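Read the structure below first, then the notes.
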Amino acid sequence: MATGIDALLIEDNLSDAQLFQELLSSSELIETTLHHAERFNEAINAIEANHNSFDVVLLDLCLPDGQGVELVKQIKTLVPKVPVVVLTGIQDQNVAIAALQEGAQDYLVKSDTFSPERLQRLGYVDVGNLLAKTIQYAIERTELTKKLEISEERYALAVQGANDGIWDWDLKANTICYSHRWQAMLGLDQSDISSSPEEWFSRIHEEHRSAFERKLKEHLEFHCSHFKCEYRIRHDDGRYRWMLTRGMALWDEQGNPYRMAGSQTDITDRKQLEQSLYQEKELAQITLHSIGDAVITTDSSGNIKDFNPVAEKLTGWQAREARRRPIAEVCKIVDSKTGQPLQNPALQAIKEKRAISLSNHPTLISKTGQEFAIGDSAAPIRSANGEVVGTVLVFHDVTEERGRAQQLAWQASHDALTELFNRKKFIHALENAIDELGSSESQHMLCYMDLDHFKAVNDTCGHAAGDQLLRQVADLWRGQIRQTDVLARLGGDEFGLLLYHCKLTRATQIAEAFCKSIQGFRFLYDGKVFSIGVSIGIVPITSNHSNSEQVMQLADAACYAAKNKGRNRVQVYHPDDDGIHRQTKDVQWFSQVTAALDEDQFQLYYQTIESALPDSTDVHLCEILLRLPNAQTGDLAPPMAFLPTAERYNLMPRIDRWVVKSFFTYLVGRTPTPKTIYSVNLSGSSINDESFIGFLEEQLKQYPINPEILCFEITETLAIANLQKAADLILQLKKMGCHFALDDFGSGMSSFSYLKHLPVDYLKIDGNFVKEAPTDEVVCAMLQSINNIGHIMGLKTIAEYVENEAVLEKVQALGIDYAQGYAISYPQPLI
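0 is the number of the first residue of the sequence shown in numbering that gives the first Met the number 0; add one for each residue after it.
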């Protein structure tokens, strides 16, 4: 084994550099000291500092300070005697050929030679051995080249008697003399060739002629000390033979070349030998790639020629017993699922003359009957003329890998905590069950189960206790159902049960048995005893149901109704059940509102608020309204249809912010109507949201809007319920320059005294009072009182629900400042 190799790696990718270091460290063939340079100039300095002491240079062609084949040329110029091996990501045959022509000993593409798949298949040691072998070959070839150059120098000084052809070119007269041996190499005699150089050059193969002329020119112009070229030249019989021509020119005192002489050697046999060596190298490379795997080679008839130790271990055959036997006898391969014999890939590769890999999970049956899951491939071995002379079969034991794949498949469909099916698997089973029904009159049953008082266990003893409780509940229920039914943990403390081809009465009995078993169950943890319950919603699944989402929503609604009725009970879904219907509506609205927020589906409308008394003020008001369009019909849903659900599911903070941001976006680039104040509604959630003011300040910085045209409003009932927070919010908004309005005033049925603590600008009188004003004197008195108190406190009053002329005339008679309603204007889209 060669030792003491000093290698210089020029590589800017630290991950690749670390990989090469690991591969060489793992090699069993050579001991290598790797010196790393990230840039080309850094490598040049290292070469000069080490006095050209490196044994080999490993070079990447894509560096920050240099790229391409030119890097090879520069290295060879600086250290012509040091072999260069290219390790690059450039997968280009032309670049590879150019690099080899510039003097590189080998060209390895990273993605092919050092890919993760190959590292996993062969292992670091084998790939490391491959890299080490490449370095070793490069050094050996360079050493041979050095010896050849010494021999050539001796040859140049030798006298006649050598077996090479000699030529002598008079550059002044432009004539050439050829030795008898030179002519004989081409099947010529003196009379068959003239003394003109063109006679010689015209015989050179067109692929090599330009290179020959270029090198000759470089020598004559002092670009290199010797002329040397390998090329093909036409023999007198019409065939081409390989020649190596060397020469040296003489120059006069003025520096002009006047004579050039040299030799010509027939290297056709050497070239053929190189071709043979190349084929042997290819075979060696295949073998090297397979060191970590079982490798079997055969002849063209499929009879075994060679057998490596790993193949002996997996097949149970000794190499001496297996040789010359048919590979199908030694390598018995079957389908892992069906056990049926598979065609041997080695024979298939010979027959189809291409690489073969079995993809249907093959299993190898050894001589002793032991089974191995394998991954295999087979490739034909070809002669120089492309004829298939045999095949190489490579395979490795993937039993453990296949087991891990099965484990991953199990984990993808099961809940890790309870080992029940997970939500994804349950939904898949539910969808299949729905599809299976078709137009059948049969039915399945879906039970949606939510544990009662589970949160108390988590809050008291922690999540570890909750996890243990869930496992015990799963074990308790698992034994109460058929093996064909599907029990799953849907998430948190929610479970699903799918009962196939089950009547409602039987499903109810099973669900009630679940309730009874949980009611009698006592969970003991850390000295504490807990009793829990379960609320269960049952939905019959019939051919009328279109999808799993619909069925799950109905079951969830039934489960929610069971909780509302006292918990630890069973609720069967009935279409005419109002409680379940409301819950279903809530779920539907929640889904629509969430989608509207995520997909920007809400629309803004506006409604003008005009002065009730003409010419009493030149300030106009306008309220910004929110609408939700139906994606299917295009109809608009009024706020009171979806806002209660949004409040119940804590979606109002997102809605408020959407309205503010969307309205500010609308205002940018538009000139607001002169002396108009725009009113925006806020929910109770924003009153309690300490970050809302920061959000508003950020929006005002982002959008150049004058805060004085903005008015925010909240309802009287919200203000009373959150008096201190409402007052704080109003003060902060007014400091920013905004106005504030109190909406639905009078609905709270509270004292006027709290108004002293709320520095609002406008009182919007509850429309339920306003619309009764023409026919109810008591209401009129209340409106007059609210209006007077508002004016005394310096507030402007606004009458809502002014729907007709009669109401408008009453509002004007009472002296209320502004009117809002259909008698003034209808809501319009904010475009």
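Heads up, the beta-carbon is just placed ideally off N, CA and C, and yes, glycines get one too.
Small disclaimer: the values here were computed from a predicted structure and weren't measured.
As assigned by DSSP and simplified to three states, the class of D163: coil
Segments of 4+ residues assigned as alpha helix (DSSP H) that fall wholly inside the segment 388-413: 398-412
I'd like to know whether the C-beta atoms of V659 and L625 end up nearer to each other than 8 Å. no
Between the Cα of F200 and those of S382, T244 and S516, spot the shortest distance and give me the residue it belongs to. Nearest C-alpha to F200: T244.
On the three-state DSSP scale, how would you describe H756? helix
Starting from P115 and walking both ways along the alpha helix (DSSP H), at which residues does that stretch end? P115 to L121
Secondary structure at W168, three-state DSSP: helix, strand or coil? Residue state, collapsed to three classes: strand.
On the three-state DSSP scale, how would you describe L313? helix
Assess, as a yes-or-no matter, whether the segment 127-139 is touched by the segment 22-30 under the definition of 3 or more beta carbon pairs within less than 8 Å. Touching, per the Cβ criterion.
Hey, how far is the Cα of L13 from the Cα of V84? 18 Å
With the cut-off set at 8 Å, would you say L603 and L445 are in Cβ contact? No, the Cβ-Cβ distance between L603 and L445 is not below 8 Å.
Report the rounded CA-to-CA distance for H895 versus Q17, giving the unit in angstroms. The displayed coordinates of the chain run from 0 to 830. Any statement about residue 895 would go beyond what the structure contains.
Per-residue burial, S224 [other beta carbons within 10 Å of its own, 16 or more giving buried]: exposed
From F589 to T644, what does the alpha carbon distance come to, in whole angstroms? In this structure, the straight-line span from the alpha carbon of F589 to that of T644 is close to 6 Å.
Buried or exposed by the 16-neighbour rule on C-beta atoms within 10 Å, applied to V294: buried
Helix, strand or coil at P703 [DSSP, three-state]: Correct three-state label for P703: coil.
Could you pull out every residue in the same chain whose Cβ sits closer than 6 Å to the Cβ of D760, ignoring the five residues on either side in sequence? In chain order, H738 and F739 place their CB closer than 6 Å to the CB of D760, counting only its own chain and leaving out the 5 sequence neighbours on each side.
DSSP-derived helix/strand/coil call for V68: If DSSP states are grouped into helix, strand and coil, V68 belongs with coil.
Hey, how far is the Cα of P379 from the Cα of S262? If you take the alpha carbons of P379 and S262, they lie about 43 Å apart.
CB-CB under 7 Å to F39, same chain, minus the five flanking residues each way: which ones, in chain order? So the list reads I9, L62, D64, G65 and L70, once near-sequence residues are dropped.
Can you give me the C-alpha to C-alpha distance between Y559 and V550, rounded to a whole angstrom? 14 Å
Given L287, which residues of its chain have a CB within under 6 Å of its CB, disregarding the five upstream and five downstream residues? For L287, the predicted structure reports a pLDDT of 45, less than 50, and the residue's modelled location is therefore unreliable. A value from the coordinates is still provided. Scanning its chain for C-beta atoms nearer than 6 Å, with the 5 sequence neighbours on each side dropped, one finds around L287 the residues L129, in chain order.
What is the rounded straight-line gap between the Cα of D688 and the Cα of M651? 11 Å
Three-state class that DSSP yields for L496 in the structure shown: strand
Boundaries of the beta strand (DSSP E) in which K331 is found, first to last residue: K331 to D334
Among G668, A318, E101 and A95, whose alpha-carbon lies nearest the alpha-carbon of K109? A95
Would you kindly check if the distance between the Cβ of T367 and the Cβ of S335 is under 8 Å? no
First and last residue of the uninterrupted beta strand (DSSP E) at F662: That residue, F662, is in no beta strand (DSSP E); its alpha helix (DSSP H) goes M651 to L666.
Just to confirm the assignment, what range does the alpha helix (DSSP H) spanning F425 have? R422 to L436
Cross-strand partners of C446 (DSSP beta bridge): L496 and I537
What number of angstroms, rounded off, separates the C-alpha of D251 from the C-alpha of M259? 12 Å
Please state the DSSP three-state secondary structure of F513. helix
Any C-beta of chain C sitting closer than 8 Å to the C-beta of Q66? Absence of chain C from the displayed structure is noted, only one protein chain being present.
Helix, strand or coil for V78, going by three-state DSSP, please let me know. coil
Residues in the same chain with beta-carbon distance under 8 Å from E831, minus the five sequence neighbours each way, listed in chain order, please. Look at the range of the chain in this structure, 0 to 830, and you will see that residue 831 is not part of it.
Measuring straight from C-alpha to C-alpha, what distance separates L722 and Q471? 48 Å
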